[in-house]
Ligand code: SF4
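Residue numbers (my numbering): 1269 to 1731.
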């Protein structure tokens, strides 16, 4: 299929000129958002132009409402496995870029991938993101083997990774079909920036990544290759964040129109300092995004695309992550290392500096204090509720009927198998309280039944 550019930069930048909404326009947009049907490009452009503190507060409140209505207190946790830091590209902001000579380059062997997986399993993780730089040494065939070995690894308690997502360089339709056959969940690839002119400055010519259109159309090829769920993202700090949000909306519209399903997730990374990478230092970032603006844009995507997962990584500090959870984030990486062999404490170079160094147990302990349900759930993916089917299920709000119980089951497993005694004690208390919140008696009984079975040693129960 021929792929064309669906981003009209001039139009999108034009929509951000003198477009601040009046109070009544803002209220109309936010009332519409509360119907949980999403917003259009024009609405989002107006919200992005809001600067007034009180008006931003209204956007945040609306996002909080949408988040609670759809996701409740559930938060999905995962961790990355960096399989390699070799890269043929030279992206100016990245520690893995080809010309960074300060880095020790490494591509993990399959045994090393198994070791990294075991580290994640022994923390209590069930969802992994396989990620690496772009290199012929970690092509699709290598990734197929890496995925197989990751799924096959089993810790002493018999736990295995239940969903692998991948964040990989663009590839062909036939390579995507190979990954699909290995049961990957979401294919993630960040556009970095949708501004084609600026894109060229950050991705020097002569590298594969310099091809803007190849990257822009990668999700089309992924879907043609049979991948059900795709994850979008930009690297915030490269150009005006407001433009990027509009471009993400356009990308989502394009996927919906051509493939019947928008993105499964949108990630929100900001540029963080990376070793040997002067561009990534705060004073050199062309369009830094303040904490206030970052919260605003997470909130805007939450209300504009209410059923799309929002991912926040350990780039962000714990306090910021706590705020972002309130206003829209639904998935968090936790206890991450961002270098190959990092969980084995190998001293290879990392892609960026971490902002959150807490262990998984510490992250979960804080979540429990806030009443959140840590979820390692993979139920929808394993029941085939993916892509457009997932969206059909999610949109009428049925997500609550499945996701909350399933999150509770995986949380109970974590408490039984991996939690510290303090975390286990307060976690069990929270589960007891949550069980009382199901309005339907039959569902409540089924949830109680499964929680009890998990307490007695059964595993991997889900609706
Ligand atoms: S951003 Fe990705 S493609 Fe660019 S240098 Fe880093 S690892 Fe390579």
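In this text, a Cβ means the ideal position worked out from N, Cα and C, and glycines have one as well.
Here the structure is a predicted model, which is why all the values come from computation and not from measurement.
Check, Outcome
"Closer than 7 Å: residue 1365 CB and nearest the ligand SF4 heavy atom", "yes"
"Residue range of the alpha helix (DSSP H) that includes residue 1718", "1709-1723"
"The ligand SF4 heavy atom lying under 7 Å from the CB of residue 1732", "Because residue 1732 is not part of the residues shown, which for the chain are 1269 to 1731, the question remains open."
"Pick from 1498, 1459, 1382 that is closest to residue 1452, judged by C-alpha positions", "1498"
"Near the ligand SF4: residue 1317 beta-carbon under 7 Å from a heavy atom", "no"
"Contiguous alpha helix (DSSP H) assignments of at least 4 residues, all confined to the stretch 1317-1372", "1321-1339"
"Runs of alpha helix (DSSP H) wholly within the stretch 1619-1679 (minimum 4 residues, chain order)", "1628-1637, 1647-1650, 1655-1662"
"Rounded straight-line distance, which links the Cα of residue 1650 to that of residue 1784", "In this structure the chain extends from 1269 to 1731, so residue 1784 is not present and cannot be described."
"Burial state of residue 1574 (16 or more Cβ within 10 Å)", "buried"
"Which of helix, strand or coil DSSP assigns to residue 1310", "helix"
"Beta carbon of residue 1355 nearer than 8 Å to that of residue 1403", "yes"
"Straight-line Cα distance separating residue 1480 from residue 1406", "21 Å"
"For residue 1311 and residue 1422, the rounded distance between their alpha carbons", "48 Å"
"Per DSSP, cross-strand counterpart(s) of residue 1433", "1397"
"Straight-line Cα distance separating residue 1307 from residue 1272", "25 Å"
"Enclosing beta strand (DSSP E) for residue 1475 [first to last residue]", "Per DSSP, residue 1475 belongs to no beta strand (DSSP E) and is neither H nor E."
"Start-to-end residues for the alpha helix (DSSP H) that takes in residue 1288", "Counting along the chain, residue 1288 falls outside any alpha helix (DSSP H), and DSSP gives it neither H nor E."
"Best match in 1627, 1675, 1631 for proximity to residue 1647 [C-alpha to C-alpha]", "1675"
"Coarse secondary structure for residue 1459, derived from DSSP in three states", "coil"
"Contact check, residue 1582 vs residue 1628, beta carbons under 8 Å", "no"
"Nearest to residue 1416 (by Cα), restricted to the options 1448, 1632, 1618", "1448"
"Supposed close pair residue 1680, residue 1636 - CB separation, criterion 8 Å", "About 13 Å; that fails the 8 Å criterion."
"Residue 1477 beta carbon near the ligand SF4 (any heavy atom closer than 7 Å)", "yes"
"Local conformation of residue 1600 per DSSP, three classes", "strand"
"Rounded C-alpha distance that separates residue 1436 from residue 1710", "43 Å"
"Where residue 1606 falls, given that 16 or more other Cβ within 10 Å makes a residue buried", "buried"
"At least three beta-carbon pairs within less than 8 Å, the stretch 1341-1361 to the stretch 1469-1478", "yes"
"Any non-hydrogen atom of the ligand SF4 closer than 7 Å to residue 1529 Cβ", "no"
"Residue 1548 and residue 1541 closer than 8 Å at C-beta", "yes"
"Three-state secondary structure (DSSP) of residue 1499", "strand"
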